[in-house]
Amino acid sequence: MAKWELFRYNVKRPGTPESLVVSGLSTLALLGGGIAATAAGAQARGRLNDRTISDEERKRNEGKSFLLLLGAVLLMVGILSAVWFGKNLLARQR
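The end of the sequence shown is residue 94 by the UniProt record's numbering, with every number in the run present.
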């Protein structure tokens with residue numbers, strides 16, 4: 001249990017290797033998720049404009065179009081996480 005507490009303590013301190021790993025991985029996950037959700041939402045949105053699809057498929061794509069908003073939010077949070085990662089990296093160099 002003491003190792004876990006030490007890890008949690010080090011994650012909160014900027015510049016420690018644990019903090020860099022956690023912030024780097026979260027940045028990659030958020031940016032990747034944001035890009036994937038935005039792409040899926042844009043594809044669904046593009047399919048809504050296609051006149052050759054059935055009404056059933058159109059309804060499914062309308063439900064997926066919220067992914068554009070989700071992707072934008074994930075990308076914004078990912079950018080903020082990248083700023084936090086940069087701050088940790090600079091603290092590491094000092």
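Each residue gets a CB set at the ideal place from its N, CA and C atoms; glycine is no exception.
message: Please report the distance separating the alpha-carbon of residue 20 from that of residue 89.
response: Translated into the one-based positions of the sequence shown, residue 20 becomes position 20. Translated into the one-based positions of the sequence shown, residue 89 becomes position 89. The straight-line gap from Cα to Cα measures roughly 7 angstroms.
query: So what's residue 85 in DSSP terms, helix, strand or just coil?
result: Numbered from 1 along the sequence shown, position 85 holds the residue referred to as residue 85. Residue 85: helix per DSSP, three-state reduction.
message: Tell me the DSSP secondary structure of residue 58 in three-state form.
response: Your numbering for residue 58 matches position 58 in the sequence shown. Helix.
query: residue 8 lies in the alpha helix (DSSP H); which residues open and close that run?
result: Looking up residue 8 in the sequence shown gives position 8. Per DSSP, the unbroken alpha helix (DSSP H) holding residue 8 starts and ends at 2-12.
Nearest residue (CA-CA) to residue 71, options 27, 33, 10, 12: Residue numbering aside, residue 71 sits at position 71 when the sequence shown is read from its first letter. Answer by Cα proximity: 33.
- prompt: Are the stretch 12-32 and the stretch 74-86 touching by the rule of at least three beta carbon pairs closer than 8 angstroms?
  reply: Verdict: yes, contact present.
- prompt: Helix, strand or coil: which one does DSSP assign to residue 15?
  reply: In the sequence shown, counting from the first residue as 1, residue 15 sits at position 15. Under the three-state reduction of DSSP output, residue 15 falls in the coil class, being neither helix nor strand.
- prompt: Can you give the Cα-Cα distance for residue 9 and residue 3, rounded to whole angstroms?
  reply: Start at 1 with the first residue of the sequence shown, and residue 9 comes out as number 9. Start at 1 with the first residue of the sequence shown, and residue 3 comes out as number 3. Computed Cα separation, rounded: 10 angstroms.
- prompt: What number of angstroms, rounded off, separates the C-alpha of residue 12 from the C-alpha of residue 86?
  reply: Taking the sequence shown and counting its residues from 1, the one referred to as residue 12 is at position 12. Taking the sequence shown and counting its residues from 1, the one referred to as residue 86 is at position 86. Using only the alpha carbons, I get a separation of about 15 angstroms.
message: So, under 8 angstroms CB-CB, residue 59 and residue 44 are touching, yes? Tell me the CB distance rounded to an integer number of Å.
response: Numbered from its first residue, the sequence shown carries residue 59 at position 59. Numbered from its first residue, the sequence shown carries residue 44 at position 44. The Cβ separation is near 11 angstroms, so there is no contact.
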